[in-house]
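Chemist:
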Amino acid sequence: MTLAELRDEYASVRIGPKIYAEVGHVVRAVARRHDPNIYAGAASWDDAEEETLHNVIKDVLLLERQLDYLMATALTLDDFKNLLRRQVRRYLARRRQRSVIDNLLDRCKPLLGDESFEHLDGRTGRRYRLRGRPPSSAEPSDEELLAAARSASIVPRVRFTSQERAPVVYSRDSLLVLLKIVANSLPATFAVRDIDKVFRLLLTDWVTSFLMEYEEDQSRLSETILSPEDEVIVTEAVAEIVARCNREHLLILWRKLENRPDQAIAEELDISRPTVIVRKREVFKIVEDALDDVPTQVHSVVMDRLSLRVAIASLSGTE
Amino acid sequence: VSDQETAPWLKFSLGQVTTQIVAMPNATHWPLVVREGEIRVARAMDDPDAGARLIVVLEVFEGSEPWVNGCLVTDVVEAAGHRDVQLDPADTALPFTCLVETDVVAPFFVAQLGPLLGRLGVALVQALRAEVDGSESSLLAGRRGIPIIDTNDARWRFKTAETELVHKLARACLEQLTHGEDLAADALVDPTCWTAPSLPGLLALASQLHSENLTRAEAPTDESQRASVSDWVAGLGSDEMRALEPVWHALLRASAHDMHTGNLHYEWSQPWNAVGTEALSQSLVGHAARGRRSFRVLTLSSHWPTSSRPDSPGVLAVDIEALGRIQVKPERVRGWAA
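For the record, the sequence lines run as chains A and W.
For the first sequence, position 189 matches number 182 in our numbering, and the numbering has no gaps at all.
For the second sequence, position 301 matches number 368 in our numbering, and the numbering has no gaps at all.
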């Protein structure tokens, strides 16, 4: 098979026997490296391979027009095969992401019964808001959901591997904080389907990690367990940072963890941009001082826990 | 699926696709002219393993070595960070959704680019340029991803890989733009100028070489042309000889550079139908072997490559065995009548 033959077939019928055969080879080669139970909901790939092949062709190559992307960018037959491999991996990753999000949504439903939330039943189903927030029938816009996801992105996750059947992703406490952050960020009430969109934004790195064959690193990270000494050091460092920061510092730290520009923070706090820059330097110095005595390998744990503390503090306004 | 029969599910799915097929990389129209906002495939000049990627052309720099500033585009929309902007087919005229990576920007020679695949409106191009400069444009609100705030985030590694790739794609252009002055030959004179030497024409050439300070221009010739030049020079007076001094220097520089590079195979993207093409090609191959990737060739309008825009003829590419691609920009010698 040559790329010229595949190009000719694409130009005449888009997908014919030659491209179909190439996709079949790649699906077989890629899929069988993964657990069929997790990635196809089947006992073996013998049962799931054909359905996967059809879905890749139908949903990915044709409906999402990824065959066009392949044909526009492949310079050689190897390029074509590599791009096809990535599309199959992408399909498997997204399918997996879907099941992880479904599990998270199942866990969210009872948490939305927490006293922090109240619900309203309407024509479009059950909607939620933080208790005491004014009622609103408006649906959150994509932009608002993106902003909510951006705020929620600082909630630390439990890392998971491609071979885990039911990854937790968020501890119960973290999941509750995440729901509060989302509810606090959205100007309107929200439904579970909105939380679904937020999770899809938040878990983008899962698909990317799968594509980048990052699982080994992820697996290594997920096994990081703090020694009792490190646990004490981490806890003290987080406590020191929170104690030395005032409320404005904490809010600026939260916004910088979300990667917000200085100007946006200045507008939110109703102060000048130079003042934000001064405060930002102060808070960075506080973090830097606290991390000075912390072993480098646990810096990321300090930052994870600090993110959660900052989010909780900013939500409650008590610290 | 066989030649005779298409499975009903596939037939149905194919029937759902109403867009045209895309232009493939081998369908580039030469000479190539590029405009801002266009989406094209970019390939490396000298690294076949780098593959090809879509870019959005943010700025076009005309001149003797035309190049563009472009943002990398990816189809992996799931990898969006806060510097990535998702664009839909309605924005781009591409058949698929894509991400423009405003933090992965690089220069590319025009000859690196493939056929036109999509195009953005002026407002979107301006908004993307603002993003590249670090300002968030309200036009793009809601199209960005979640910030990458942790180096353990797989998207960080994705970005690192994207940056490494763009370095491979843009290396040759970046190198010539930054160190091009160290390379020999700031212009080549098409050997076809010697086919029937004309005094007014050569005076025009000398004037251009002088006025543009092209002190490293070279005028390659083959053996038969050298003989005809000698005959022709014999009939010139001393004033004419002095006036043509920049041309003689260009001839001497070309003969001083021994451009024997073996028998490397080369292929023009569009045939250069002129007498002396072999001498020109050998000179180009020789300079390419010494590191130069983009060339300005002063030629005659009678040998101008076919183009719909005579004022802006675009560039050609020459693919050279073992060396990769070079860019050739043909330019008419000012004042040399056809």
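We treat Cβ as the ideally placed atom computed from N, Cα and C, and that holds for glycine.
1. Taking contact to mean 3 or more Cβ pairs, one atom from each stretch, closer than 8 Å, check whether the segment 192 to 202 of chain A and the segment 206 to 219 of chain W are in contact.
2. Just checking my contact of A:ILE147 with A:GLU251 at CB under 8 Å: how many whole Å lie between their CB atoms?
3. In whole angstroms, give me the CA-to-CA distance for W:ALA117 and A:ASP72.
4. A:GLN256: buried (16+ other C-beta within 10 angstroms of its C-beta) or exposed?
5. Return no unless some Cβ of chain A is closer than 8 Å to the Cβ of W:THR159.
6. The segment 38 to 55 of chain A: which residues have C-beta closer than 8 Å to a C-beta of chain W, in chain order?
7. For A:ASN252, which residues in chain W fall below 7 Å Cβ to Cβ?
8. Who are the near neighbours of A:ARG298 in its chain, counting only those whose CB is closer than 6 Å to its CB and skipping five residues on each side?
9. Tell me whether W:GLN87 sits in a helix, a strand or coil according to DSSP, three-state version.
10. Compute the distance between the beta-carbons of A:GLU137 and A:LEU204, then report whether it is under 8 Å.
11. Less than 7 Å between C-beta atoms, sequence neighbours within five positions excluded: which residues of the same chain meet that for A:SER167?
12. DSSP three-state label for W:GLN394, please.
13. Can you pull out the residues from the segment 251 to 274 of chain A whose beta carbon lies closer than 9 Å to at least one beta carbon of chain W?
14. W:ALA341 by DSSP, collapsed to three states: which one?
15. Could you pull out every residue in the same chain whose Cβ sits closer than 6 Å to the Cβ of W:GLN193, ignoring the five residues on either side in sequence?
16. Please name the residue in A:LYS173, A:GLN290, A:ARG248 and A:ASP285 whose C-alpha comes closest to that of A:ILE305.
17. For chain A, check one thing: does any of its Cβ atoms lie closer than 8 Å to the Cβ of W:ASP289?
18. Return the bridge partner residues of W:PRO174 from the DSSP annotation.
19. Between the C-alpha atoms of A:LEU85 and A:ASP95, what's the straight-line distance to the nearest angstrom?
20. Less than 8 Å between CB atoms is the rule here; does A:TYR32 satisfy it with respect to chain W?
21. Take W:ARG110 and list the residues in its own chain whose beta-carbon comes closer than 6 Å to its own, dropping the five residues that flank it on each side.
22. Taking only beta-carbon atoms, is W:PHE163 less than 8 Å away from chain A?
23. Would you kindly work out how many angstroms separate the C-alpha atoms of W:LEU269 and W:SER336, rounded to a whole number?
24. Could you tell me whether any Cβ in chain A is nearer than 8 Å to the Cβ of W:MET112?
25. Okay, do the segment 57 to 67 of chain A and the segment 84 to 102 of chain W touch, 3+ Cβ pairs below 8 Å being the bar?
26. For the pair the segment 266 to 285 of chain A and the segment 237 to 253 of chain A, tell me if three or more CB-CB distances fall below 8 Å.
27. Helix, strand or coil for W:PHE163? Go by DSSP, reduced to three states.
Modeler: Put simply:
1. yes
2. 6 Å
3. 10 Å
4. exposed
5. no
6. HIS47, ILE50, LYS51 and LEU55
7. HIS149, PRO214 and ILE216
8. VAL231
9. coil
10. no
11. VAL148, PRO149 and LEU301
12. strand
13. GLU251, ASN252, ARG253, PRO254, GLN256 and ALA257
14. coil
15. none
16. A:LYS173
17. no
18. W:ASN136
19. 16 Å
20. no
21. ALA119 and GLN179
22. yes
23. 28 Å
24. no
25. yes
26. yes
27. coil
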